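Right, one structure below, let's go through it.
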Amino acid sequence: VTDAMKLQACSPGFIDGRDAILMADSLAYDGIHQCLLWEVFARRGLGYYAQQNSRYNRNDGFEDFTVKPSCITELKIAKSVDQPLILPGDDVTVYLTVTNDKLEDATNVVVTDQLPDGLTYLPGSAQGADVAVMGNTLTFGLGDLIPGEVHTFQYQVSSDPLRFSAQQFFDGMEDGDGNWTFANLQGINIWDLTTNNPYEGDFAWYVPNADTQNDQVLELIEPFTVNGDHPVFRFYHRYQTSPGEAGGLVQISTDGGATWSFVPEQFIRNGYRGRLSYFTFTIPGLDAFWGDSNSYLDSYIDLTPYLGQTINLRFRFGSDDQVGLFGGGWYVDNVEIMDLYSYQWETCATSSEGDTPCAILPEGGIFVESGMFSPAEDLTLDPARIKVYPNPTRDRLNLRFTGQWSGQAQLQLHTLHGVRVRTWQQALSENALLELDVDGVPPGLYLLEIRTPEGQHVSKVTVQ
């Protein structure tokens with residue numbers, strides 16, 4: 011430890027100290043105690059994936075209880091995708107990584123992927139490994155892996171355009187506060203609709219991070235009866251608060267609001283940041299959103315435990331009287347209840363030595379967006395006759411109509427939830443080229459609806 015103190019950075023944080031002790035062991039003992047040290051650190055929240063953030067703030071780090079992966083001497087497999095939230099019909103890239111952390115070779119390694127209904131392998135998309143395709147079963151032969159070898163490969167799948175999440179309730183805050191009521195439990199800094207920093211459209215709810223004791227509630231007025239195969243509560247939000255001292259959370263009531271429960275274990279994506287100070291709500295052991303999210307996040311709460319029950323939902327934000335944050339607070343936008351459609355499946359590896367590791371996608375898999383999607387039979391225009399470019403774009407879209415056209419084109423740009431952002435009407439002619447101004451449209455993914463006398467078509471557009 012004394013040697014580590016000589017090696018660590020000035021004004022060290024917890025991770026600085028951990029890394030210095032590991033380095034001291036490497037220098038003095040050739041690293042023979044590394045895995046033992048990792049076990050000690052992991053038990054105390056300073057595991058391999060822990061993050062220190064500011065060395066001057068003991069509250070803003072991320073704890074982790076994982077030892078260094080190579081200290082677990084086994085064959086491993088990990089899986090991820092390029093986009094965990096998709097539109098129906100989107101293509102998805104799947105990434106697979108097989109690591110041999112054993113002390114001996116892993117021979118004849120084979121990876122098997124059984125795709126779920128609704129996903130179809132795109133022929134020729136596999137990279138980094140040979141694939142054999144039989145129906146929805148993909149088999150990758152990796153051969154032999156020596157100790158420490160990592161083999162990464164990928165492939166693409168297309169999703170079913172007719173499978174998507176069913177929207178049951180949505181409020182993008184564009185029609186006022188009619189769906190909401192708020193309660194001032196303590197303090198004067200209440201929730202308010204703001205145009206300052208919405209996720210989509212013009213409005214979002216906002217409550218400031220004050221430097222006084224504050225406890226504010228924003229509640230949906232109408233109760234909701236939970237139904238569906240996989241009901242979830244989704245909301246987009248952004249927060250910047252005093253780390254560990256001020257934060258927001260979600261509460262659910264099953265008795266008409268007489269009592270409220272906290273639901274940290276029911277988040278399936280982008281859950282709470284960590285433990286909140288007792289003095290914020292004078293309630294011990296609460297987790298909440300606090301710190302800096304840096305951008306809007308989409309958080310999902312699983313409502314399956316409430317199937318058949320009528321529930322009330324509310325957001326609650328609190329701060330103590332110690333530290334405020336100028337311009338900080340909690341923004342909430344695009345609140346939605348949906349019957350979630352998702353893709354989740356298991357991928358397994360085998361070896362001649364009997365290894366059988368398996369992996370699934372993190373945070374519930376691939377979620378399929380809900381919203382206003384035109385039925386496939388209504389998309390009567392041949393997509394090959396219409397080219398939309400550049401895509402992604404920043405300020406301008408070009409539409410090239412190939413061949414003979416006449417009449418007027420009605421064009422509308424929507425958010426994924428049907429909020430109309432821009433409209434245009436332009437005349438069509440042979441090989442027409444139309445220019446659409448999207449300057450000032452907030453960055454994000456949009457649907458461009460194209461209506462002509464011959465039919466309609468919807469194209470996905472990304473604005474950067």
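Numbering (my numbering), first residue to last: 11 to 474.
We put the CB at the ideal spot given by N, CA and C, even for glycine.
In this text, all values refer to a predicted model and were calculated from it rather than measured experimentally.
{"query": "Contacting residues, own chain, Cβ-Cβ under 6 Å from D26 (five flanking each side not counted)", "result": "Q18 and A19"}
{"query": "Contact under 8 Å by Cβ, Y351 with R173", "result": "yes"}
{"query": "Whether N87 touches V121 by CB criterion (8 Å)", "result": "The amino acid occupying residue 87 in the given sequence is Ile; Asn does not appear at that position. Yes, Cβ-Cβ distance for I87 and V121 is below 8 Å."}
{"query": "Between the CA atoms of M15 and G23 - distance to the nearest angstrom", "result": "12 Å"}
{"query": "Buried or exposed (CB count within 10 angstroms, at least 16 for buried), P315", "result": "exposed"}
{"query": "Sheet register partners of W215 (DSSP bridge)", "result": "L203 and V342"}
{"query": "CA-to-CA distance, I278 to G374, given in whole angstroms", "result": "6 Å"}
{"query": "Residues of its chain near D170, where Cβ-Cβ distance is below 6 Å and the 5 sequence neighbours each way are ignored", "result": "G128"}
{"query": "Residue span of the alpha helix (DSSP H) that contains F289, given as start and end", "result": "Y288 to F291"}
{"query": "M7 classed as buried or exposed, judged by whether at least 16 other C-beta atoms fall within 10 angstroms", "result": "Here the chain covers residues 11 to 474 and nothing more, so residue 7 does not appear."}
{"query": "Cα-Cα separation, D29 to L56", "result": "10 Å"}
{"query": "Sheet register partners of R244 (DSSP bridge)", "result": "Y310 and E346"}
{"query": "Cβ-based burial, N441 [other Cβ within 10 Å; buried from 16]", "result": "exposed"}
{"query": "Test item: CB-CB of D101 and Q166 under 8 Å", "result": "yes"}
{"query": "Collapsed DSSP secondary structure at K86 in the structure displayed", "result": "strand"}
{"query": "C-alpha gap between F272 and S263, whole angstroms", "result": "9 Å"}
{"query": "Span separating the alpha-carbon of D447 from that of R432", "result": "9 Å"}
{"query": "Inter-residue Cα distance where the pair is D297 and F377", "result": "25 Å"}
{"query": "Start and end residues, beta strand (DSSP E) containing W190", "result": "W190 to Q196"}
{"query": "Cβ separation of E83 and Y59, assumed to be a contact under 8 Å, to the nearest whole Å", "result": "In the sequence as displayed, the identity of residue 83 is Thr instead of Glu. Contact doesn't hold; Cβ gap of about 19 Å is too wide."}
{"query": "Min CB distance H424 to chain C below 8 Å", "result": "In the structure shown, chain C does not exist; there is a single protein chain."}
{"query": "Proximity test, R432 beta-carbon vs the ligand NAD heavy atom, cut-off 7 Å", "result": "In terms of ligand content, the structure shown is empty, and the ligand NAD therefore cannot be addressed."}
{"query": "Three-way DSSP call (helix, strand, coil) for F75 in this model", "result": "coil"}
{"query": "Validate contact between the region 149-164 and the region 127-141 using beta carbons, cut 8 Å, 3 pairs", "result": "yes"}
{"query": "Inter-residue Cα distance where the pair is E275 and L423", "result": "38 Å"}
{"query": "Presumed contact (8 Å Cβ cut-off) between T472 and N401, rounded CB distance", "result": "6 Å"}
{"query": "Other residues of its chain near S21: CB distance less than 8 Å, five sequence neighbours each side excluded", "result": "R65 and Y66"}
{"query": "Beta strand (DSSP E) segment containing Q261, residue limits", "result": "G257 to S263"}
{"query": "Separation of L371 from L113, as counted between CA atoms", "result": "27 Å"}
{"query": "Spatially closest choice to A52 from C81, N63 and L37, by CA coordinates", "result": "C81"}
{"query": "Contact under 8 Å by Cβ, E229 with N322", "result": "yes"}
{"query": "As assigned by DSSP and simplified to three states, the class of G454", "result": "strand"}
{"query": "Y105 - partner residues in DSSP beta bridges", "result": "S90 and Q164"}
{"query": "For D427, the residue or residues it bridges with in DSSP", "result": "Correcting the residue identity first, residue 427 is His in this sequence and not Asp. DSSP lists no partner for H427."}
{"query": "Sequence-distant residues of its chain with Cβ nearer than 7 Å to L47 (five each side left out)", "result": "I31, L32 and D35"}
{"query": "Top-ranked residue by Cα proximity to P233, from E49, R324, L148 and L443", "result": "R324"}
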